[in-house]
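Taken in sequence, the protein lines are chains A and B.
Counting in this note's numbering, the first sequence runs from 452 upward without gaps.
Counting in this note's numbering, the second sequence runs from 452 upward without gaps.
For glycine and all other residues, C-beta sits at the position ideal for the given N, C-alpha and C.
Just so it is clear, the structure is predicted and the values come from calculations on it, not from any experiment.
Taking it in order: structure first as structure tokens, then the write-up.
Number of protein chains: 2
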Amino acid sequence: MVTLSEENYLKAIYHLGNQGDNTVSTNAIAEQIEAKASSVTDMVKKLADKQLANYIKYQGVSLTEEGRLTARTVIRKHRLWETFLVKKLNFSWHEVHDIAEQLEHIKSEKLIDKLDDFLDNPTHDPHGDPIPDKHGNYTKIKSKSILEIKPGNQGVLTSVKDSSKAFLKYLNKNELALGDSIKVVDFEPFDESFTIETKTKTITISKNVAKNLCLSI
Amino acid sequence: MVTLSEENYLKAIYHLGNQGDNTVSTNAIAEQIEAKASSVTDMVKKLADKQLANYIKYQGVSLTEEGRLTARTVIRKHRLWETFLVKKLNFSWHEVHDIAEQLEHIKSEKLIDKLDDFLDNPTHDPHGDPIPDKHGNYTKIKSKSILEIKPGNQGVLTSVKDSSKAFLKYLNKNELALGDSIKVVDFEPFDESFTIETKTKTITISKNVAKNLCLSI
DNA sequence: TTAATATTTTAGTCTTGACTAAAAATATTT
DNA sequence: AAATATTTTTAGTCAAGACTAAAATATTAA
Ligand SMILES: [Mn+2]
Ligand SMILES: [Mn+2]
Ligand SMILES: [Mn+2]
Ligand SMILES: [Mn+2]
């Protein structure tokens, strides 16, 4: 049995491992999970005891195959519930993360399979992130941050790198949503801002915003 | 903040208090919650500290107004989730209780309000139990156990007193479901069994089964 | 290549919610 | 009314998962 707290650690290690090499530092986990480094050391030992993580003192943590699958299962649940909340209960995409943080720990394989079917087996959640299937597999849509796109090119907004409430609300305010067709029309070197054009309007966005918007070309 | 464990105790005290006078013994709670009496004493003190229960040593426990409302809110969530599982995810009524035991602790008022609307504000759960509204109010359908019904009378099966998996599976096997029109045709004093007639068939049921089937006349 | 700094681990505490065993209070019999 | 049985509470433990402070290790800079 994997506890709620263990699930949260596995998820954190998984996410951190995916952006860099696969071995993660105690401090990085501590920051992600908002706990102290000493608490992380304790938990990481437990995960290693349960064969969910590889851990060598002072050298960081990585997930075992079993740990990785467990992490993906939690992520699958999180993203399916987010999809449910938006598609069926009409929540906005900025409201669902905190509720999904709770729902992702509900234990029932049958429930998740049925929820998956009820939602017509979605492949991506409301933030454009891929939903693993029940074996933990998924394919990420190839997309590029606007930062890396040269003026003149265009694509469809398929995911956001930052899913924070503040950022999503900013996008709501500026009427930018997943699926929108976006053309990059200008880049201003002075402040590294971009000017982009949608079906309905042209707006200028900061470097920080550009970085977090991913288009598939 | 009310913890998951506190919510379970409030629910137990509420259910026990409803069948008898409103004051409940330590032992009764212990049995309901499957814990030892000493653990109950500890928790009951915490509930009293938080103004959720009235407690006098050796004299039993009752809920305060606030405790009662909290209990009803948990019960509301439990029954709404059970309804969701049966109506939307096509679970059978004998499968939903254990999952609802987990879901009832998810904290988000907005979620429950939206779930309620999504289900078209149901008044009763899959076992015929009333669903409190967001103020904790509900009206129970008037119904009588078959035990108290004289042969010759008939009514509609509106709830079951026992929601255990074993009993619900028995009803599935015998194709008895809520909403069925049932006529009591005979009572056999020797073993206190009843013979009942539905639209499709006539069957004999034991006293124990009869006791747990409630018809509204 | 030391010295200073940063990271990580250890040791010891705390809280929550459980437990056992023993003591105290209440209830039931004789 | 006393003896016995039952219920309830108290006292002391335990495990999980967090914390602080101090020690150990690793990294970076002088
Ligand atoms: Mn999320
Ligand atoms: Mn998401
Ligand atoms: Mn139930
Ligand atoms: Mn029910």
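What's the C-alpha gap between residue i and residue j?
i        : j        : result
B/Asp472 : B/Lys585 : 25 Å
B/Leu598 : B/Ile507 : 38 Å
B/Ala488 : B/Ala504 : 17 Å
A/His556 : B/Pro583 : 26 Å
A/His466 : A/Ser610 : 16 Å
B/Tyr621 : A/Glu485 : 49 Å
A/Ser594 : B/Asp567 : 38 Å
A/Asn625 : B/Glu552 : 41 Å
A/Lys538 : B/Phe569 : 11 Å
B/Met494 : B/Leu455 : 12 Å
A/Thr524 : B/Asp500 : 40 Å
B/Lys558 : A/Leu540 : 16 Å
B/Lys652 : B/Asp571 : 33 Å
B/Phe542 : B/Leu554 : 15 Å
A/Tyr589 : A/Ser490 : 32 Å
B/Thr492 : A/Thr474 : 47 Å
A/Lys612 : B/Leu562 : 25 Å
B/Gln605 : A/Pro573 : 48 Å
A/Gln483 : B/Gln483 : 39 Å
A/Ile600 : A/Lys658 : 12 Å
A/Lys591 : B/Leu619 : 44 Å
B/Thr646 : B/Ser596 : 14 Å
A/Gln502 : A/Val636 : 51 Å
A/Gln470 : B/Gln470 : 57 Å
Please classify residue i as buried or exposed, where buried requires at least 16 other C-beta atoms within 10 Å of its C-beta.
i        : result
A/Lys528 : buried
A/Ala617 : exposed
A/Leu664 : buried
A/Ala463 : buried
A/Ala628 : exposed
If you measure between the beta carbons of residue i and residue j, is that distance less than 8 Å?
i        : j        : result
A/Arg530 : A/Asp580 : yes
A/Gly518 : A/Ser476 : no
A/Ile656 : A/Ser644 : yes
B/His575 : B/Ser614 : no
A/Gly587 : A/Ser513 : no
A/His545 : A/Asn478 : no
A/His548 : A/Glu533 : yes
A/Leu536 : A/Ile550 : yes
Compute every distance between the C-beta of residue i and the non-hydrogen atoms of ligand 3, then say whether any falls below 7 Å.
i        : result
B/Ser614 : yes
B/His529 : yes
Do residue i and ligand 1 come close, with the Cβ less than 7 Å from some heavy atom?
i        : result
A/Ala551 : yes
Examine ligand 2 and report whether any of its heavy atoms sits within less than 7 Å of the Cβ of residue i.
i        : result
A/Glu533 : yes
A/Pro577 : yes
B/Asp584 : no
A/Asp642 : no
Closer than 7 Å: is that where the CB of residue i sits relative to any heavy atom of ligand 4?
i        : result
A/His548 : no
B/Asp567 : no
A/Asp500 : no
B/Asp580 : yes
Rounded to whole angstroms, how far is the Cβ of residue i from the Cβ of residue j, which I believe are closer than 8 Å?
i        : j        : result
A/Ile480 : A/Tyr460 : 7 Å
A/Lys650 : A/Ser632 : 6 Å
B/Glu458 : B/Lys497 : Not a contact, Cβ separation roughly 12 Å.
B/Lys662 : B/Glu648 : No, B/Lys662 and B/Glu648 are not in contact; Cβ-Cβ is about 19 Å, not under 8 Å.
A/Pro602 : A/Phe641 : Not quite, the Cβ-Cβ distance comes to about 15 Å (not below 8 Å), so this is no contact.
B/Gly630 : B/Val660 : About 18 Å; that fails the 8 Å criterion.
B/Val453 : B/Thr521 : 6 Å
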